[in-house]
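Residue numbers (UniProt numbering): 1 to 356. Report on one structure; see the data block that follows.
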Amino acid sequence: MSTLTENRKPAAVRAKAVPAPSVKHAEVPAIIHSASIHPGSLLSISDLSLEDVASILESADELEAEPAIRRAERLFKRRVSLLFYESSTRTRTSFELAAKALGADTSLVSAQSSSIEKGESLKDTGITLRALGAECIILRSPFSGSPYLLAQETGLPVLNAGDGMHEHPSQALLDLRTILQRLEKNGKVSDKLLDGVTVTICGDIFHSRVARSNALLLPRLGARVLLCGPTPLLPETAAGMSHNVSIERDFDKALEQSQVVMMLRIQKERLAGLSVDLEQYTSRYQANAERIAAHAPKAVIMHPGPMIRGLEITSEVADGPQSGIEQQVKNGVAIRMALVLRAVGEAAKTGKGKGR
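This is how it looks when you write it as structure tokens:
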């Protein structure tokens, strides 16, 4: 298969099916209400009240502005483990930088460099990390619901760094911070803060945990969310994810209504045999300079990464003046500092951070 570049695109992309999740989406709600889930955990964006969201945003502002020497005393020598079953650049690095900026000691465990490769279960890996002194675990997993299982079995605060096609709550928070900054929305966090703002999310919605978390969060602050993409990547049922979420198949029409445009890549690793005609896809759904100038000349352009330049977005748009993509990456560190501090701080209050 040809490499995806701006000058050379294959007609279609296929991918093998990924393993079925060990915890199904339908099972997650039953686990959420377990008394053993640590209050410092963030497993779903729906776990947060608007007051919680406001507190996290305020903490991110405070930590970002704080002198580095003072900030490093916050969690001095506390132990934070990163458990990553999937590859990651932005999320893993920003969580690690966030924890270290607070003075914490971090350890990275990946599937390729641990007993996970030998078949060790998530439960046993988590219990091992707890026994070794971990006070918080940051988990990235291909299996939806895994963070709930880990939080329940270890009693530690667990931060969901992306679980399968389910959610990516920290990404939704950093996206919200970026939107508020770019649109200069400085008011109190409330269900009216984003009144009159339309956010279009375009691309592979079906497989996107980022789209799901944003669609759950942004309407709670008053935003209207439009989902855009071809039917195989955006089933009609997606409109039921949250209130004030609807589907618009015509990308140009969606752009004309939008103050914010969030592009998503096609997740070929999760397509499970579906095929997508990429020439047709780029013609209908690519964010390119001509399309943006014609239909959304003032909109903020966002992308959670990784980007496939020349497919869902061109370099001219990704690197242009309307782009908030680099700002999203920077905001990732501030938001994740706030989340790690919240998690380990709650551990100190409850006495549950160093085992049960």
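Glycine included, every Cβ here is placed at the ideal spot set by N, Cα and C.
Return the Cβ separation of residue i and residue j in integer angstroms, given the expectation that the two are a contact with Cβ distance under 8 Å.
i: Leu156; j: Ala134; result: 7 Å
i: Ala151; j: Ser41; result: 5 Å
i: Cys228; j: Tyr285; result: 7 Å
i: Ala215; j: Ser246; result: That belief does not hold up - the Cβ atoms of Ala215 and Ser246 are roughly 10 Å apart, past 8 Å.
i: Ala299; j: Ser258; result: 5 Å
Along the alpha helix (DSSP H) that carries residue i, what are the first and last residues, could you check?
i: Ser283; result: 278 to 285
i: Ser190; result: Ser190 -> no alpha helix (DSSP H), and no H or E assigned at all.
i: Asn160; result: From DSSP, Asn160 is part of no alpha helix (DSSP H) but of the beta strand (DSSP E) over 158 to 163.
i: Asp319; result: No alpha helix (DSSP H) holds Asp319; DSSP gives it neither H nor E.
i: Val59; result: The question names Val, but residue 59 is Ser in the sequence shown. Ser59 -> alpha helix (DSSP H) spans 50 to 65.
i: Arg70; result: 68 to 71
i: Ser146; result: 146 to 154
i: Ser246; result: That residue, Ser246, is in no alpha helix (DSSP H); its beta strand (DSSP E) goes 245 to 247.
i: Leu173; result: 169 to 182
i: Arg209; result: 209 to 217
What first and last residue would you give for the beta strand (DSSP E) that runs through residue i?
i: Arg79; result: 79 to 84
i: Leu227; result: 224 to 228
i: Thr198; result: 198 to 202
i: Thr106; result: 105 to 110
i: Ser92; result: The amino acid at residue 92 is misidentified as Ser; the sequence shows Arg. Looking at the DSSP string, Arg92 is not in any beta strand (DSSP E); the run it does join, the alpha helix (DSSP H), is 90 to 101.
What's the C-alpha gap between residue i and residue j?
i: Ile116; j: His295; result: 48 Å
i: Asn160; j: Leu82; result: 10 Å
i: Arg342; j: Arg265; result: 31 Å
i: Glu66; j: Thr198; result: 33 Å
i: Leu149; j: Val333; result: 26 Å
i: Arg224; j: Ile179; result: 13 Å
i: Gly203; j: Leu183; result: 23 Å
i: Arg71; j: Ala338; result: 11 Å
i: Thr89; j: Gly345; result: 26 Å
i: Gly324; j: Ser208; result: 19 Å
i: Ile137; j: Ser283; result: 42 Å
i: residue 358; j: Thr314; result: For the chain, the structure presents residues 1 to 356; residue 358 sits outside this window and is missing.
i: Val276; j: Val261; result: 22 Å
i: Glu51; j: Asp191; result: 11 Å
i: Glu316; j: Lys268; result: 24 Å
i: Ala172; j: Pro219; result: 12 Å
i: Arg177; j: Thr91; result: 16 Å
i: Ile45; j: Asn244; result: 17 Å
i: Val340; j: Arg212; result: 22 Å
i: Leu174; j: Ala99; result: 16 Å
i: Leu278; j: Glu167; result: 26 Å
i: Arg74; j: Thr231; result: 48 Å
Please classify residue i as buried or exposed, where buried requires at least 16 other C-beta atoms within 10 Å of its C-beta.
i: Phe84; result: buried
i: Arg336; result: buried
i: Asn186; result: exposed
i: Leu132; result: exposed
i: Gly126; result: buried
i: Gln112; result: exposed
i: Asp195; result: exposed
i: Thr200; result: buried
i: Gly240; result: exposed
i: Thr154; result: buried
i: Ile69; result: exposed
i: Gly119; result: exposed
i: Phe95; result: buried
i: Glu236; result: exposed
i: Pro169; result: buried
i: Pro306; result: exposed
i: Ser36; result: exposed
i: Asp163; result: buried
i: Ala312; result: In the sequence as displayed, the identity of residue 312 is Glu instead of Ala. Buried, by the Cβ-count rule.
Check whether the segment 44 to 60 and the segment 95 to 110 are in contact - that is, three or more C-beta pairs closer than 8 Å. At 8 Å Cβ cutoff, the stretches do not touch.
Contact between the segment 279 to 296 and the segment 251 to 260 is defined here as three or more beta-carbon pairs at a separation below 8 Å; is this criterion met? The segment 279 to 296 makes contact with the segment 251 to 260; the number of CB pairs closer than 8 Å reaches 3 or more.
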